[in-house]
Each structure stands twice: as structure tokens, then as C-alpha cells.
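Working notes, structure below.
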Amino acid sequence: MGLIKSPKEIERMRQSGRIAAEVLRRVGEAVRPGVTTAELDRIAFEALKAAGADPSFLGYQGYPATICASVNEVVVHGIPSEEQILQEGDIVSVDVGAYYRGYHGDNACTFPVGAVAPNVAELLKVTQEALRHGLSVLRAGIRLGVLSHAIQSYVESHGFSVVRQFVGHGIGQRMHEEPQVPNFGAPEEGPILRAGMTLAVEPMVNMGTYRVEVLEDGWTVVTADRKPSAHFEHTVVVLSDGCEILTPWDES
Ligand code: MF3
Ligand code: CO
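Residue numbers (our numbering): 71 to 322.
Here is the structure:
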């Protein structure tokens, strides 16, 4: 069940994860009113190339860009555009994957554009904390459902909802490996985790309904009620007594 990585492989994933995290941080520093999501995409592409890495997403099932840039009611898979100019009060979820020496690192963060409404700031905080809270229960020997349940109950206790239609995933030589990593479910569900499994944990949290729709372009996922959504993601490796974050974008 799932792929157990060797210490050598985990070291490779630490490298691709570090690159993905550094690129995400750089993109975050460029987020401000007036910038286009296409400009954010160019920054990510250049930063990946400068690090000797390739974008994980570009060309994946025909995806046309380096990053996903998902604004406000867009949950995930927003396609960067020259026409999309960020405005004060918006939020933008940036998702970026780095492919380096045979392994992928995948991470995401929702950035505020200038000052945002208090309930939107709360949505970002709760989503980031939900990821931290989920990772805090992660260790070898638990069922995956323990993590899923921890994320869901944290989010719902704050009055928000978790997306069901999209989930996290195993990651390694391929961007999407087994198992699927849902952000909802019961503690007794799912496979038992083992040390050396590498997972992309990525709660998508909606202010209103958990229901989503995919737009005509076949990519853009929006909330069914068009209320805002946030997305935070880390690639991690499961350890006997916890987990190690391989994409440390939120550490100094
Ligand atoms: N982090 C997202 C995922 O795990 C990014 C995929 S976007 C795609 O699915 F364009 F590559 F599909
Ligand atoms: Co992912």
C-alpha cells in the first residue's frame, strides 16, 4: 500500500521540496495589488529554472502553466492570465510543483492581496492551522483517516467546510501516487501509514458550501456558492514518531 521511499530517495525529495518551497515564497513576495497572475507564473518558471528544476504541472494532462493561481472563489487549478490583475482585498492560492533529479515536491499557500476582510483573514488562518493540526497527528502506524478526520473536524469546528471532490495524494517520482489523501473522513478509515511514505497533504477549505464546480475551460474549480476558498499544502515524509515537512515555505 503506497510507496515506501529509501533514505536516498527521501534526500532527493528534500531537495525538490526545498526548491518548491523557495519558489512559492518568491511568488508570495511578488503578490500585491496590480500584479497579474501571469506575472506570478513567470516568476515561478524563472525561479524553478534558476534552481535547475522543471515545473511539475506544465504539460501535466495538458495543463498550460507553471503554477495554479486561484483567486477568491476559485478553489484550485486557476490558470494564470495576463488579464487577471490582483486587487486589494483579493486572495490568491498559489500552487507550485518542482521536479528535480527525478522527484516531485508540491506545495501551496493562499496569500492575501493587501488588506482583506476579517472573515477572509480568518479563512486563511483556519486553513493553514488545519494543515498544521493534521500534520501534528501524522506518524507511522496510524490510519490515514486519523489525519483526514483531524483536518475535517478542525475546519468544521471553525464554521468552514472541506472540499470533498479534490484530495491530496502520495508523491515521489510521479506527482500523483497512491494513496489519495482526503481532508475528510473517519479515523478508522484508510490505509495504515508506514515510515517512508511521502504525501502531499492539501486542505481546500470553503467559507460556505463544500460543493464545487469545474468551469468550461476544464480546469478552473470554483465554489458552488462563489464564496471564497483557501488552499494550503505541504509535501511530507511519514516518520516512526511524526513527520518531516519537505516543503518548508512557512519556516524561517
Ligand atoms: N497540487 C495540485 C495537485 O496535487 C496541482 C496539480 S495542478 C495540475 O493536484 F495542473 F498539474 F494538474
Ligand atoms: Co498536490
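Positions of the beta carbon are idealized from the N, C-alpha and C atoms, including for glycine.
Backbone CA spacing between residue i and residue j [nearest angstrom]
i: residue 286; j: residue 171; result: 35 Å
i: residue 221; j: residue 213; result: 14 Å
i: residue 98; j: residue 181; result: 7 Å
i: residue 245; j: residue 126; result: 7 Å
i: residue 310; j: residue 304; result: 19 Å
i: residue 74; j: residue 275; result: 29 Å
i: residue 273; j: residue 317; result: 15 Å
i: residue 71; j: residue 261; result: At residue 71 the pLDDT is 41, less than 50, meaning the model places this residue with poor confidence and gives no usable figure here.
i: residue 189; j: residue 162; result: 15 Å
i: residue 148; j: residue 140; result: 4 Å
i: residue 167; j: residue 105; result: 21 Å
In DSSP terms, what residue i is bridged to
i: residue 182; result: 161
i: residue 301; result: 274
i: residue 247; result: 240
i: residue 176; result: 167
i: residue 213; result: 262
Residue burial classification, residue i (beta-carbon count within 10 angstroms, cutoff 16)
i: residue 185; result: exposed
i: residue 191; result: exposed
i: residue 135; result: buried
i: residue 130; result: exposed
i: residue 295; result: exposed
Under the three-state DSSP convention, the category residue i falls into
i: residue 324; result: Only positions 71 to 322 of the chain appear in the structure, and residue 324 is not among them; the question remains open.
i: residue 76; result: coil
i: residue 223; result: helix
i: residue 293; result: strand
i: residue 218; result: helix
i: residue 188; result: helix
i: residue 283; result: strand
i: residue 316; result: coil
i: residue 111; result: helix
i: residue 140; result: strand
i: residue 208; result: coil
i: residue 105; result: coil
Closer than 7 Å: residue i CB and nearest the ligand MF3 heavy atom
i: residue 179; result: no
i: residue 247; result: no
i: residue 270; result: yes
i: residue 313; result: no
i: residue 198; result: no
i: residue 124; result: no
The ligand CO heavy atom lying under 7 Å from the CB of residue i
i: residue 143; result: no
i: residue 147; result: no
i: residue 238; result: yes
i: residue 109; result: no
i: residue 176; result: yes
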